[in-house]
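The next block holds one structure in the form of structure tokens; read it before the comments.
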Amino acid sequence: MTRADVLVVGGGIAGVSVAYELAATHRVVLAESEAQLAYHTTGRSAALYFENYGHAAIRPLSKASRRFLEHPPPDLCDVPLLTPRGGLTVARRDQIDLLDEAEEEGRAAGTDVRRLDPDGCVELVPALRGELLGGGLWEPGAADIDVAALHQTYVRGIRSRGGEVRRKAPVSTLRPLTDGWEAQVGDDELTVGYVVDAAGAWGDEVAVAAGVDPVGLQPYRRTAFMVPGREEWKTWPMCIGVAHDWYFKPDGIQLLCSPADETPSPPCDARPEDLDVAIAIERINAITSLGIRSVRSAWAGLRTFAPDRAMVIGPDPGNPRFVWLVGQGGTGIQTAPAAARLAAALLRGDDLDPDLVEAGVDPDALSPARLTER
Ligand SMILES: Cc1cc2nc3c(=O)[nH]c(=O)nc-3n(C[C@H](O)[C@H](O)[C@H](O)COP(=O)(O)OP(=O)(O)OC[C@H]3O[C@@H](n4cnc5c(N)ncnc54)[C@H](O)[C@@H]3O)c2cc1C
């Protein structure tokens, strides 16, 4: 029997970031089912920081995360976590309405977005077929994230603060006590004050195991694959269709491509389907002169959303000793530093950090109460 203050369920980016924050004030144990941390969605992302993306309520979390990503604690990380990339959203001639909407959303969130004509788009990505384009939206601040280094920064930080990270440690049962939980974690029993649910696609399953009402999470499969690239493509920005139905970005000398698919899936070890890869190739070849024919590697991951597509962060209204940190959808990496600080502040009952407030983070819009108190 082990005693701790907090049990964090899940060793993806959500789990390690919140465990790091809480380890500053609490005895934390993080438990991950798999032998390898970040094995699921966190290890399968496109690794981009792209502010003009996702539900309005999570955009302030992206903004508020930038400072940590630019200046991680030097004793925990000695490589840059962000590398300038830039993001170009492109519209065909019949998609100008969508481009107007994307521009409005970006401006409303205070993101630096600049409208480009078709020539401006082709200047940035010469493979685009300018004759098909109506225009583009340029986000100069978009950047590549070193996801492995970010994840490792948090793991190092947990350990340096005296926290414990357990692998091959599935959390199977959670019995409520008057002041916390008795948890079965692998072969061990833990008594803890709080449980933080950072179990990604399995978030609702963990809640049900604790006797907490689920919030209605839905995982969706997303496919990505690498194709051979060229040296001169390495500096291109990430390029995404304004209808969010394809994207590509350089990854070293390869191009990372996706059909931006969203196929509902149960929580599982997601695998790519050949058809989704073929659809992406067709769409990207239609709008560019890339002529993609061969694929080097393909993978898929689950992006998990709450019904309204905002994240779910904070103590459960029915049992405040169960704290949600789920529904990261397609922005869980770029929002992790701020989302973790928000979850930690809500668990402790602290005021929000001033920079979260300044960025416009609204805890009510992210609270589980919006989904469970119907
Ligand atoms: C193709 C693709 C591209 C993406 N691109 C980007 C991007 O460019 N930028 C961005 O910010 N985001 C992106 N995302 C989204 C991002 O990857 C996710 O939002 C993020 O990784 C979710 O992290 P997580 O920790 O919540 O989930 P996960 O990484 O899935 O971690 C959850 C963990 O919980 C563990 N677990 C579950 N149940 C239990 C249990 N009972 N006991 C113990 N452990 C348990 C699981 O094994 C898992 O390791 C992308 C996703 C995909 C698939």
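Its first residue numbered 36, the sequence shown is counted upward by one per residue in the numbering used here. Where is the CB? At the ideal position from N, CA and C, for every residue including glycine.
Listed as beta-bridge partners of Thr-118 by DSSP are Asp-179.
By the neighbour-count criterion, in which 16 or more other beta carbons inside 10 Å mark a residue as buried, Leu-310 falls on the exposed side. When DSSP reads this structure, Tyr-282 sits in a beta bridge with Ile-275, Ser-293. At a Cβ-Cβ threshold of 8 Å, Ala-374 and Val-358 do not count as neighbours. DSSP places Ala-335 in no alpha helix (DSSP H) but in the uninterrupted beta strand (DSSP E) bounded by 332-340. Not a single heavy atom of ligand 1 lies less than 7 Å from the C-beta of Arg-356. DSSP places Arg-142 in the uninterrupted alpha helix (DSSP H) bounded by 131-143.
Between ligand 1 and Trp-271, a heavy atom-to-CB distance of less than 7 Å is absent. Setting aside the 5 residues that flank it on each side, Arg-318 is surrounded in the same chain by Gly-276, Asp-280, Trp-281, Pro-294, each with a C-beta closer than 8 Å to its C-beta; the list follows chain order. Less than 8 Å divides the Cβ of Leu-163 from the Cβ of Ile-322. In terms of side-chain proximity, the C-beta atom of Tyr-189 is found no nearer than 7 Å to any non-hydrogen atom of ligand 1.
Counting the other Cβ atoms within 10 Å of the Cβ of Leu-212 gives fewer than 16, which makes it exposed. The closest heavy atom of ligand 1 lies less than 7 Å from the beta carbon of Thr-366.
A Cβ-Cβ separation of about 7 Å places Ala-91 in contact with Ala-144 under the 8 Å criterion. Scanning the region 143-205 from its first residue to its last, the whole alpha helix (DSSP H) runs of 4-plus residues come out as 153-159, 182-195.
The region 161-175 and the region 185-193 do not touch, with fewer than 3 CB-CB distances between them shorter than 8 Å. In this structure, Arg-196 lies away from Gly-46, with their beta-carbon atoms at least 8 Å apart.
Closest by C-alpha distance to Leu-382, out of Thr-370, Leu-391, Gly-349, is Gly-349. Residue burial is scored here from C-beta neighbours: Val-231 has at least 16 other C-beta atoms within 10 angstroms and is therefore classed as buried.
In the displayed model, Glu-86 falls within coil according to three-state DSSP, outside both helix and strand. Rounded to whole angstroms, the gap between the alpha carbons of Thr-118 and Asp-214 is 45 Å. Per the C-alpha coordinates, the member of Ser-324, Asn-354, Leu-65, Leu-209 positioned closest to Ala-233 is Leu-65. Between Met-261 and Arg-331 the beta-carbon gap is near 4 Å, inside 8 Å, which marks them as a contact. By the Cβ neighbour-count rule, Ile-131 is exposed, with fewer than 16 other Cβ atoms within 10 Å of its own. The region 305-335 contains, as complete alpha helix (DSSP H) runs of 4+ residues, the segments 309-322 (chain order).
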